[in-house]
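**Q** Questions regarding the structure given below will be posed in turn.
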Amino acid sequence: MNILLPTLILGIIGAGVGALLSLAHRMFYVETSELQQRIRAVLPGANCGACGYPGCDGLAEAISKGNAPVNSCPVGGESVAREISAILGIEAPSFQETKLVLLCSGTRDKAIRRFDYTGIKDCHIRSVIWGGDISCEYGCLGGGTCVESCPFSALSMGEDGLPVIDYTKCKTCGVCVQVCPRHLFILVPKNTKVMVACSAKGLSGRDTRKVCSAGCIKCGMCARVCPVGAIKMENNWPTIDQDKCIACGACVEKCPVHVMHLVV
0 MNILLPTLIL
10 GIIGAGVGAL
20 LSLAHRMFYV
30 ETSELQQRIR
40 AVLPGANCGA
50 CGYPGCDGLA
60 EAISKGNAPV
70 NSCPVGGESV
80 AREISAILGI
90 EAPSFQETKL
100 VLLCSGTRDK
110 AIRRFDYTGI
120 KDCHIRSVIW
130 GGDISCEYGC
140 LGGGTCVESC
150 PFSALSMGED
160 GLPVIDYTKC
170 KTCGVCVQVC
180 PRHLFILVPK
190 NTKVMVACSA
200 KGLSGRDTRK
210 VCSAGCIKCG
220 MCARVCPVGA
230 IKMENNWPTI
240 DQDKCIACGA
250 CVEKCPVHVM
260 HLVV
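This is the structure we're talking about:
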């Protein structure tokens, strides 16, 4: 008897809660249109939020109502955009494939430290403590916020203190681009062959040397050795014409600070 009474009470409570949940489901249920369901079915289901909407359901609703373009999903890319266009009966828009690059070469042994940081591993927190522990105001802080934010585990922290991109996992969703406080990740066209792996445009060559031995010193060597004239110095910074570039590697070989990188 001592066991039956509590069991009965719990059963009644459970039935009551179940009834309330069922009622709440009916009251707050939002019916989705068939069009929205069809669009949702072709979205990848990553729910990464890179599109700017709260998950794939939110994006499907926005596209179905005409509030978002069919190519809003960076993870799905061109194939998903074409499928959605077919569902809507419209012409698929042009789509430019991109790849992710990191605009910094300031490894742990290259970037000069102003102090030793031992706090929380978060770049945003790190950046507000006296402007960060590295002397270069443009360089990677190495806190790993990008790694923690990547929904596809495509980023990891290398032993040298810089994030490493696994291109076999990267979906170019752009989440890391959004979370980096130094804006060091960018998405570039897939035909990009060579890049300047540095962001210190606001520093002179002399000042760059004071804070990092792997930063662009604006010497113009890359422009001088390029055999096809694909690199020009504009506003004291190397600008690369990717259409002219033949990926010969001359600029990479001759750069005195090894800041010119061939893009994988």
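With numbering that gives the first Met the number 0 applied, the sequence shown covers 0 to 263.
Glycine included, C-beta positions come from ideal geometry on N, C-alpha and C.
The structure presented is a predicted model; accordingly, all values stated were derived computationally and were not measured.
(1) Does the contact criterion of 3 or more C-beta pairs under 8 Å hold for the region 241 to 259 versus the region 127 to 137?
(2) What does residue 155 pair with, by DSSP beta-bridge criteria?
(3) Tell me which residue opens and which closes the alpha helix (DSSP H) that residue 193 is part of.
(4) Per DSSP, what kind of secondary structure is residue 211 in: helix, strand or coil?
(5) How long is the line joining the alpha carbons of residue 36 and residue 9, rounded to whole angstroms?
(6) According to the Cβ coordinates, are residue 73 and residue 173 closer than 9 Å?
(7) With 16 as the cutoff for other CB atoms within 10 Å, does residue 62 come out buried or exposed?
(8) Could you tell me whether the Cβ atoms of residue 47 and residue 184 are closer together than 9 Å?
(9) Which full runs of the alpha helix (DSSP H) of 4+ residues lie inside the region 82 to 133, going along the chain?
(10) In whole angstroms, what is the alpha-carbon distance linking residue 197 and residue 78?
(11) Using beta-carbon positions only, say whether residue 175 and residue 154 come within less than 9 Å of one another.
(12) Only counting the same chain, and skipping five residues up and downstream in sequence, which positions put a Cβ closer than 6 Å to that of residue 84?
(13) I need the DSSP call for residue 144, collapsed to helix, strand or coil.
(14) Suppose you measure from the CA of residue 5 to the CA of residue 20; what does that come to, to the nearest Å?
(15) Leaving aside the five residues before and after residue 226 along the sequence, list all residues of the same chain whose C-beta is less than 7 Å from its C-beta, in chain order.
(16) With residue 171 and residue 87 assumed to form a contact (beta carbons below 8 Å), what rounded beta-carbon distance in angstroms separates them?
(17) Go ahead and pull the three-state DSSP assignment for residue 8.
(18) Do residue 75 and residue 42 have their beta-carbon atoms positioned less than 9 Å apart in this structure?
(19) Smallest Cα separation from residue 259: which of 101, 156, 159 and 49?
(20) Let me know if residue 214 comes out buried or exposed under the rule of 16 or more other beta-carbons within 10 Å of its beta-carbon.
(21) Leaving out the 5 sequence neighbours to the left and right, which residues in its chain are closer than 6 Å to residue 169 when beta-carbon positions are compared?
(22) Might you give, ordered along the chain, the residues of its own chain that have their beta carbon closer than 8 Å to the beta carbon of residue 208, omitting 5 neighbours on each side?
(23) Tell me residue 77's beta-bridge partners as DSSP assigns them.
(24) Per DSSP, which residues does residue 233 bridge with? Please list them.
(25) DSSP state of residue 16, grouped into three classes?
**A** The short version:
(1) no
(2) 163
(3) Taken as a continuous stretch (DSSP letters only), residue 193 belongs to no alpha helix (DSSP H), being part of the beta strand (DSSP E) at 193 to 195.
(4) strand
(5) 39 Å
(6) yes
(7) buried
(8) no
(9) 122 to 127
(10) 33 Å
(11) yes
(12) 69 and 91
(13) helix
(14) 22 Å
(15) 247 and 249
(16) So it is not a contact: roughly 24 Å between Cβ atoms.
(17) helix
(18) yes
(19) 101
(20) buried
(21) 99 and 153
(22) 214 and 216
(23) None, per the DSSP bridge assignment.
(24) 236
(25) helix
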